[in-house]
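Position one of the sequence shown corresponds to residue 91 (the numbering used here), numbered consecutively onward.
We treat Cβ as the ideally placed atom computed from N, Cα and C, and that holds for glycine.
In this text, all values refer to a predicted model and were calculated from it rather than measured experimentally.
Written out below as structure tokens is the structure these notes cover.
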Amino acid sequence: MTSSQPAHRTKHIPLLPCLFNNARFSLVQRADGVSNGTALWLGGQCLALFLAQAHLKFARSALHPRPRAIELGSGIGLTALALCSLGWDVLATDIPHVISSVLAKNISHNLSALPLDSGIVQIRELDWSVPPEKWMWDHDHVIASHSEPPFDIIISADTVYSLDLIEPMLRTLHALSTLSLSASRYPPILLCIERRDPALVDRLLTDAKELWSFSVERIPHKKLAKAVEKGSQWDKSDWEGVELWKFKLNPK
Numbered sequence: 091m092t093s094s095q096p097a098h099r100t101k102h103i104p105l106l107p108c109l110f111n112n113a114r115f116s117l118v119q120r121a122d123g124v125s126n127g128t129a130l131w132l133g134g135q136c137l138a139l140f141l142a143q144a145h146l147k148f149a150r151s152a153l154h155p156r157p158r159a160i161e162l163g164s165g166i167g168l169t170a171l172a173l174c175s176l177g178w179d180v181l182a183t184d185i186p187h188v189i190s191s192v193l194a195k196n197i198s199h200n201l202s203a204l205p206l207d208s209g210i211v212q213i214r215e216l217d218w219s220v221p222p223e224k225w226m227w228d229h230d231h232v233i234a235s236h237s238e239p240p241f242d243i244i245i246s247a248d249t250v251y252s253l254d255l256i257e258p259m260l261r262t263l264h265a266l267s268t269l270s271l272s273a274s275r276y277p278p279i280l281l282c283i284e285r286r287d288p289a290l291v292d293r294l295l296t297d298a299k300e301l302w303s304f305s306v307e308r309i310p311h312k313k314l315a316k317a318v319e320k321g322s323q324w325d326k327s328d329w330e331g332v333e334l335w336k337f338k339l340n341p342k
């Protein structure tokens, strides 16, 4: 269970208690209208619940001692902490405002809540508007020194809410996929979204396929529902409209 309630019922709670498996996190959130990334959203909760049941399927253990993940738009850090607690090394990324206001505090304050067999979670700035050729993997704050490609999986939740973000996001996903190529395989990308704006979501999926050469596959609703039901006590109406998609870059 990631929280006793779905995110849309907890926006007013500044310090949010979250239970994930045997870990208890306390997460600061700000629903002040300045940034979408400073509050908990439903997609992040559902993605964490799915990963609790399915994360082993995505680990390519031959790459490193522990599987590695990178998250785009980590927000308040729930999904990054959840995956880290499952034994993954996680690189949590976001823009500077989100990192300074909630993400850095939540990661540092909850390290002691992680199980002994957890992975390592790190934070780096990743602005999708910055072209990939200008990324700096050896920088202390900008992406990313100790946890660099290849990644076993790329994850993101609640990050598709504006048309002008589609191209920068897909460019970033394409670059990370290319950097993570291993044994002629590209890493899977899990994208959890709420279909608030169907036209926007459809544009994202179409551009991913037609302009950026991704295969696009929806994770069956039954699989996501099984994970949500196992990890929460929510009604179906509590998370209606949430979809989980898997992208993967097609071989050239």
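Check: Under 7 Å from any heavy atom of the ligand NAD, does the C-beta of L281 make it?
Finding: Among the components modelled here there is no ligand, and therefore nothing to report on the ligand NAD.
Item checked: Environment of N340 [buried if 16+ CB atoms lie within 10 Å] -> Under this definition N340 is an exposed residue.
Next item on the list: Alpha carbon to alpha carbon, how far is P258 from P240? Give it in angstroms, no decimals.
Entry: Cα to Cα, the separation comes out at about 20 Å.
Note to self: Using the three-state DSSP reduction, which class does I309 fall into: helix, strand or coil?
What the structure shows: Three-state DSSP puts I309 in coil, outside helix and strand.
Next item on the list: Keeping to the same chain, check which residues put their C-beta closer than 6 Å to that of W324; ignore five residues upstream and five downstream.
Entry: Closer than 6 Å at Cβ, skipping near neighbours: P96.
Notebook entry, point to check: How many Å lie between L204 and I279 at the Cα?
Noted result: If you draw a straight line from the Cα of L204 to the Cα of I279, it is about 25 Å long.
Next item on the list: Closer than 7 Å by C-beta to L290: which residues in its own chain qualify, once you throw out the five before and the five after it? Chain order, please.
Entry: Excluding its 5 nearest sequence neighbours in each direction, L290 has C-beta neighbours in its own chain below 7 Å: V250, L253, listed in chain order.
Item checked: Inter-residue CB distance, N111 and S175 (contact presumed, cutoff 8 Å) -> With 8 Å as the limit, N111 and S175 qualify as a contact, their Cβ atoms being about 6 Å apart.
Check: W335 by DSSP, collapsed to three states: which one?
Finding: Strand at W335.
Checklist line | Where V180 sits in the DSSP three-state scheme | finding: Note: V180 maps to strand in three-state DSSP.
Note to self: Using 8 Å as the threshold, is the C-beta distance between P161 and P186 below it?
What the structure shows: Just to set this straight, residue 161 is Glu in the shown sequence, not Pro. No, these two residues do not count as a Cβ contact at 8 Å.
Margin query: Quick check on DSSP: helix, strand or coil for Q323?
Written below: Here Q323 sits in coil by DSSP.
Next item on the list: Report the option in Q119, R156, H145, F148 whose CA atom is closest to the CA atom of A164.
Entry: According to the sequence provided, residue 164 is Ser. The question's Ala does not apply to it. Selected option, being the one with the closest Cα: Q119.
Item checked: Expected contact under 8 Å - CB spacing of Q135 and L171 to nearest Å -> Taking a contact as a CB-CB distance under 8 Å, the pair Q135 and L171 does not count as one, their CB atoms being some 12 Å apart.
Item checked: Nearest-angstrom Cβ-Cβ length linking A159 and I213, presumed shorter than 8 Å -> Not a contact, Cβ separation roughly 13 Å.
Notebook entry, point to check: Since K336 contacts E307 with CB under 8 Å, what's their CB separation in whole angstroms?
Noted result: At roughly 5 Å, the Cβ-Cβ gap stays under 8 Å, so K336 and E307 are in contact.
Next item on the list: Report the three-state DSSP secondary structure of V118 (helix, strand or coil).
Entry: Note: V118 maps to strand in three-state DSSP.
Check: Mind checking whether T100 and S191 have CB atoms under 8 Å apart?
Finding: Cβ distance not < 8 Å, so T100 and S191 don't count as in contact.
Check: Do you know offhand how far R261's Cα is from G331's?
Finding: Rounded to the nearest whole angstrom, the CA to CA distance from R261 to G331 is 26 Å.
Notebook entry, point to check: Straight-line CA distance for Q143 to P221?
Noted result: In this structure, the CA atom of Q143 is about 35 Å from the CA atom of P221.
Check: What residue from D328, A182, M226, I256 has the CA that sits closest to K299's CA?
Finding: Comparing Cα-Cα distances from K299 to each of D328, A182, M226, I256, the minimum goes to I256.
Checklist line | Assigned secondary structure, L281 (DSSP; H/G/I helix, E/B strand, else coil) | finding: Residue state, collapsed to three classes: strand.
Check: Could you check where the alpha helix (DSSP H) with Q135 kicks off and where it finishes?
Finding: That run of the alpha helix (DSSP H) goes 132-144.
Note to self: For a quick check, are the C-beta atoms of L117 and I166 less than 8 Å apart?
What the structure shows: With contacts defined by Cβ atoms closer than 8 Å, L117 and I166 form a contacting pair.
Item checked: Contact check, L314 vs L334, beta carbons under 8 Å -> Yes, the pair counts as a contact, with Cβ atoms nearer than the cut-off.
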